[in-house]
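Have a look at the structure below before the remarks.
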Amino acid sequence: MVAIGKNDYRAFDELHERYSKRLLFFMLKMLNHDEERAQDLLQDLFLKIVERPHLFDTSKKFYTWIFTVAANMCRTEHRNNKKEISTDEIADSGNRQSPTDLIAQVDARVFNEHLGRALDELQYEHRETFVLRFQEGFSINEIAVMMNCSVGTVKSRIYYTTRKLALDLEEFRPLLKRM
Amino acid sequence: MEDNYLIQELVEHKNFTELTNDERQMVLKEISQEEYESRRSILQSTRAFLQAGINKTQPSQDTKKRAAALMQVKKQEQKGIAGFIGYRIPAYAAVAAILILAFMLPLFYANEKPATKYVAMVDTVYREAEPKTVYDTVIKEKETVRYVNVPVVKYVEVKNNDSQSATNLAARIEVPTGGIVPTVVLAKEQLRDQLKNIGKSSSEQEELNKFLVSSQ
């Protein structure tokens, strides 16, 4: 970030290479796979880094900081754009097959499809917590700071989200045992 | 909640078979072994699913181009400001400039005449304003002509014998003998003195009053 402050393009390129994919996927998850919005937000985020590198506190971890900024941007976007895709819409959007059919032709692809949908159906805050924890591997304390909530809230969200996903994907237990 | 999260942590990190007896007992109080394994499989699958998703994403390269252009603009801006601030001149030129300023400044002030200053001896004089009298009632004198009755003095001649022989009260009033006496002389005081002796009765008093009135 110090190098970016001195307008060193190579430093920026390095940051982009390291984090852009992870950030974009996180944004896609939080914005219900709206590719255009996610790309725009990602671009805004990186341009902010170039314009105002002094906003970054060098005493903090860059990884945590950039994800905090990204999470805040997504939250603002989510609040501003009230047209949230309803869970029914998500459920009906694909050709969801019945569990009995699935057992017959299960494979990792189908399971992933259902897992992705189950994640998308989660409440915004639960999804955000879960993705930060299991996609990026942030600690409970880090997530609490990033989301500006208590550690207990983060723990509770993770516990109930795991339980909900296990219930939603119960039909895949035989497959999961083999995986 | 703490127990629940302890189970969650175990699910994240250990297979059911790797649990200690205490941990296993604690887990089995809340959920079955199958449920535990199911949750663990879901978490592991989710991690793999999310990691695979990251690799599939393709961030726009436009960001890099725009960032490069922005950096270029910033460089030029900083160059302009830094060029002005960081402009270097020889040391002798700087010293000469300071010396010139040091000599020139007194010359500017030498030609200045001391300005006349006016000092106020008395700053402020306070004068009490006289209260303005407002008259509620205005009395105006009006000249009027009034007619009054003026007593007419009549002179009568009184004889000594008449006074003695008079039967009425008026005739009995003693008057100085041997001359003309104005009726006015028969003043109230004299009359009253005389009346002390005469006219004791109410009828006489009344008659006397009538006389006094008529004599005025």
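Residue numbers (my numbering), protein chains in the order written: chain A, 637 to 815; chain B, 2 to 217.
Note that CB positions come from ideal geometry on N, CA and C, so glycine has one too.
Backbone secondary structure at residue i - three-state DSSP
i: TYR148 of chain B; result: coil
i: GLU772 of chain A; result: coil
i: VAL686 of chain A; result: helix
i: ASP63 of chain B; result: helix
i: PHE692 of chain A; result: coil
i: TYR136 of chain B; result: coil
i: ILE32 of chain B; result: coil
i: ASP670 of chain A; result: coil
i: PRO810 of chain A; result: helix
i: THR723 of chain A; result: Note on THR723 of chain A: pLDDT 46, under 50, position unreliable in the model; the coordinate value appears next. In this structure, THR723 of chain A counts as helix in the three-state DSSP scheme.
i: LEU758 of chain A; result: coil
i: SER203 of chain B; result: helix
i: CYS710 of chain A; result: helix
i: ARG128 of chain B; result: coil
i: GLY730 of chain A; result: Confidence at GLY730 of chain A is low in this model, with a pLDDT of 47, below 50, so the placement of that residue is unreliable and no value is reported for it.
i: MET783 of chain A; result: helix
i: ALA167 of chain B; result: Unreliable placement is indicated for ALA167 of chain B, whose pLDDT of 48 sits below 50; the coordinate value is still reported in the next sentence. Coil, per DSSP.
i: LEU805 of chain A; result: coil
i: THR117 of chain B; result: coil
i: LEU11 of chain B; result: helix
i: LEU20 of chain B; result: coil
i: LYS665 of chain A; result: helix
i: PRO91 of chain B; result: coil
i: ASP644 of chain A; result: coil
i: THR798 of chain A; result: helix
i: THR765 of chain A; result: helix
i: THR789 of chain A; result: helix
i: GLU78 of chain B; result: helix
i: ASN717 of chain A; result: coil
i: GLN217 of chain B; result: Per-residue confidence for GLN217 of chain B stands at a pLDDT of 49, beneath the threshold of 50, marking its modelled position as unreliable; the derived number appears in the next sentence. Reduced to three states, the DSSP call for GLN217 of chain B is coil.
i: LYS211 of chain B; result: helix
i: LYS143 of chain B; result: coil
i: MET122 of chain B; result: coil
i: THR58 of chain B; result: coil
Residues that residue i bridges to, as DSSP identifies them
i: GLU749 of chain A; result: In DSSP, GLU749 of chain A forms no bridge with anything.
i: TYR699 of chain A; result: According to DSSP, which records beta bridges pairwise, TYR699 of chain A is partnered with nothing at all.
Contact check, residue i vs residue j, beta carbons under 8 Å
i: TYR795 of chain A; j: ASN5 of chain B; result: yes
i: PHE662 of chain A; j: VAL790 of chain A; result: no
i: SER678 of chain A; j: LEU691 of chain A; result: In the sequence as presented, Ser is not what sits at residue 678 of chain A; that position holds Leu. No; because the gap between Cβ atoms is not below 8 Å, this pair is not in contact.
i: PHE747 of chain A; j: VAL686 of chain A; result: no
i: LEU751 of chain A; j: LEU805 of chain A; result: yes
i: THR798 of chain A; j: VAL12 of chain B; result: yes
i: ALA70 of chain B; j: LEU683 of chain A; result: no
i: GLU764 of chain A; j: ALA707 of chain A; result: yes
i: SER42 of chain B; j: LEU803 of chain A; result: no
i: SER1 of chain B; j: ARG711 of chain A; result: Chain B is shown only over 2 to 217; residue 1 of chain B falls outside these bounds and no answer can be derived.
i: THR58 of chain B; j: LYS800 of chain A; result: no
i: HIS669 of chain A; j: THR64 of chain B; result: no
i: MET709 of chain A; j: LEU664 of chain A; result: no
i: TYR655 of chain A; j: ILE702 of chain A; result: yes
i: PHE770 of chain A; j: THR700 of chain A; result: no
i: LYS118 of chain B; j: ASN643 of chain A; result: no
i: ILE8 of chain B; j: GLU31 of chain B; result: yes
Residue i beta carbon near the ligand FMN (any heavy atom closer than 7 Å)
i: GLU24 of chain B; result: As presented, the structure is devoid of all ligands, the ligand FMN included, so that no description of it is given.
Answer yes if the segment 665–676 of chain A comes into contact with the segment 95–112 of chain B, meaning at least three C-beta pairs across the two stretches below 8 Å, and no otherwise.
By the Cβ test, the segment 95–112 of chain B is not in contact with the segment 665–676 of chain A, since fewer than three Cβ pairs between them sit closer than 8 Å.
Any chance the segment 43–56 of chain B sits against the segment 777–791 of chain A, with 3 or more Cβ pairs inside 8 Å?
Not touching, per the Cβ criterion.
Taking Cβ-Cβ distances below 7 Å as the criterion, which residues of the segment 649–663 of chain A are in contact with chain B?
Correct list: ASP649, HIS652, SER656, LYS657, ARG658, LEU660, PHE661.
Near-chain B residues of the segment 789–802 of chain A - C-beta to any C-beta below 8 Å
Cβ contacts with chain B: LYS791, SER792, ILE794, TYR795, THR798, ARG799, LEU801, ALA802.
How do the segment 86–100 of chain B and the segment 707–716 of chain A stand: do at least 3 beta-carbon pairs fall below 8 Å, yes or no?
Touching, no.
Within 9 Å of chain A by C-beta, residues of the segment 43–61 of chain B in sequence order:
Answer in chain order: ILE43, LEU44, GLN45, SER46, THR47, ARG48, ALA49, PHE50, LEU51, GLN52, ALA53, GLY54, ILE55, ASN56, LYS57, THR58, GLN59, PRO60, SER61.
Taking only beta carbons into account, state which residues of the segment 17–38 of chain B come closer than 8 Å to chain A, listed in chain order.
Legend: CB atoms of the segment 17–38 of chain B lying less than 8 Å from CB atoms of chain A belong to residues GLU35, GLU36, GLU38.
What residues in the segment 671–684 of chain A bring their beta carbon closer than 7 Å to a beta carbon of chain B?
Within the segment 671–684 of chain A, the residues whose Cβ lies closer than 7 Å to any Cβ of chain B are, in chain order, GLN675, LEU678, GLN679, PHE682, LEU683.
Using a Cβ-Cβ cutoff of 7 Å, what residues of the segment 65–81 of chain B are near chain A? List them in chain order.
Answer set for the segment 65–81 of chain B: LYS65, ARG67, ALA68, ALA69, LEU71, MET72, LYS75, LYS76.
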